[in-house]
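All remarks here apply to the structure that follows.
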Amino acid sequence: MDFLWLEPWFIILNLIGICFSPQTFAVSGKAGGAETKKLDTEELIAQTTVLLVAGQDTTANALAFCLIELAHNPALQEQLRTEIQARAPAQHYNQLPLLNAVVKEALRMYPAEPVTDRLAYADDIIPLSEPVLDRHGRKIDCIPVRKGQVVTMAIGSMASRWGSDAMEFNPMRWLEGGSAHTSDVIGPYANL
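Residues -26 to -1, 1 to 166 (mature numbering (1 follows the signal peptide of the UniProt record, and there is no 0)) are what the sequence shown spells out, left to right.
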């Protein structure tokens, strides 16, 4: 009875233990069947750390930044509160346009991974949707990439895509008639 307060931690640890149990798992290998492999302690610790950080910090940070933006904009906060309180009991949250616009804008402005890195496995060319000027003032419409080169891309902040207010929190861009309400917008989930 004295240790009843620990029960949720035992449940969490048990779930993590089940997910990363050093039990055997199938690995493609032999032609006649599957070869088995065990997770070693080092890999188990690394995978558990990734699970905890990726599943906790990213969500907490996204929520915190969204709440900060709402705190800076009391009028938007009130509009959002009104929309949520007026919701019919049978209406799902994904049917609330302003709520969804706020979530999309928060994910655009504060994604879990604001830049993404990719390693080129072959020589290639990245076409640009519109020409840009290089540091010598020459107009370029593509970027050559060599095998082994790391390509780093910023996500969700290009003014030519999002408008002159690309660096401002503006959920209205996601509503009907807004700059992001078009079929060619990539969206906050496209950075995978």
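Cβ atoms here follow ideal geometry from the backbone N, Cα and C, with glycine treated the same way.
- Using a 10 angstroms sphere on the CB of Arg147, the tally of other CB atoms reaches 16 or more, which defines it as buried.
- Val76 counts as buried, since at least 16 other C-beta atoms from the protein chains shown sit within 10 angstroms of its C-beta.
- Taking 8 Å as the cut-off, the Cβ atoms of Ile100 and Val124 do not count as close.
- Here DSSP, grouped into helix, strand and coil, assigns Ser103 to strand.
- Using a C-beta cut-off of 8 Å, the stretch 101 to 112 makes no contact with the stretch 84 to 91, since fewer than three inter-stretch Cβ pairs fall below that distance.
- Judged by DSSP in its simplified three-state form, Met141 adopts coil rather than helix or strand.
- Judged by DSSP secondary structure, Ile114 falls within the beta strand (DSSP E) whose first and last residues are 113 to 119.
- CA-CA distance, Ala140 to Leu50, rounds to 18 Å.
- Membership of Ala62 in any beta strand (DSSP E) is not indicated, and neither H nor E is assigned to it by DSSP.
- Taking the CA atoms as reference points, Leu149 sits about 7 Å from Leu72.
- Contact annotation: Glu52 and Phe143 have beta-carbon atoms that are not nearer than 8 Å.
- Under the DSSP assignment, Arg92 falls in the beta strand (DSSP E) whose first and last residues are 89 to 93.
- Using a Cβ distance threshold of 8 Å, Met83 and Gly152 do not count as a contacting pair.
- In the three-state reduction of the DSSP assignment, Met127 falls in the strand class, which pools E and B.
- Cβ-Cβ separation between Ala80 and Cys40: approximately 4 Å, consistent with a contact (criterion under 8 Å).
- Ranking Tyr95, Glu16, Glu57 by CA distance to the CA of Lys121 puts Tyr95 first.
- For the pair Thr32 and Ala86, the CB atoms are nearer than the 8 Å cut-off.
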